[in-house]
Structure formats: C-alpha cells, structure tokens
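Here's the structure we're looking at; comments come further down.
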Amino acid sequence: MSEIEEKNKRKKIADEVETTIVESYDDFILELMRDMQQGVALPALELRTEAGAREAQQRLSKTLESLQRYQGQVRALKQVLTQRKWELERDDS
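For this note's numbering, add 13 to where a residue sits in the sequence shown, where the first one is 1.
Right under this line is the structure:
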C-alpha cells in the first residue's frame with residue numbers, strides 16, 4: 014500500500030471515529046436532557062411565609078447542585094472528546 018493510500022485510509026478511519034464520537038456525544042446530551050427533565054424538576058415554591066421561603070431556598074439549592082453535577086459531566090465529556098479528536102488529527106498528519 015502506498016503512502017498516499019495509507020494516509021487516505023487513516024483519514025477515513027479518523028472521520029468515521031469522529032462521526033461516532035459526535036453521534037455518541039449527541040446521544041449523551043439527549044439522554045442527559047431527559048434525565049434533567051425527569052429527575053431535576055423545579056420544586057413547587059411556597060413564598061408566603063418565612064419558613065416557606067427558607068424551604069424554597071433549600072430546594073432550589075439542591076436543584077442547583079444537581080445541575081452543576083450535570084455541567085461537570087458535560088465538561089468532562091467535552092474534554093475527553095476534544096483530546097481524542099486532537100490525537101486523531103495528530104496521528105493523521
């Protein structure tokens with residue numbers, strides 16, 4: 014196999030891997046959004062009393078913590094995918 018054919022073969026494999034990564038990322042994001050909609054619903058808020066306002070603040074704090082965990086997962090995934098893409102591009106050149 015010539016050098017050009019080998020390079021084209023590696024490019025094709027890298028493109029296929031990148032497509033798989035993007036599709037996996039899209040699937041992950043869609044599932045994450047479903048989880049958030051089902052598992053991180055905003056609580057009903059009772060703000061008429063001081064005790065109700067405190068409870069609402071605690072509930073919202075817990076919801077925010079859950080969302081921040083998701084944000085951390087998305088950032089970590091993005092970092093892994095970016096690193097993998099960089100490695101594929103480096104190997105291709």
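The beta-carbon is built from N, C-alpha and C at its ideal position, and this holds for glycine as well.
Cutting at 7 Å between CB atoms, please list the residues of its own chain near residue i, excluding the five before and the five after it.
{"i": "residue 65", "result": "59"}
{"i": "residue 41", "result": "90"}
Starting from residue i, trace the alpha helix (DSSP H) in both directions and tell me its first and last residue.
{"i": "residue 76", "result": "63-105"}
What's the C-alpha gap between residue i and residue j?
{"i": "residue 70", "j": "residue 61", "result": "13 Å"}
{"i": "residue 48", "j": "residue 93", "result": "21 Å"}
{"i": "residue 63", "j": "residue 73", "result": "15 Å"}
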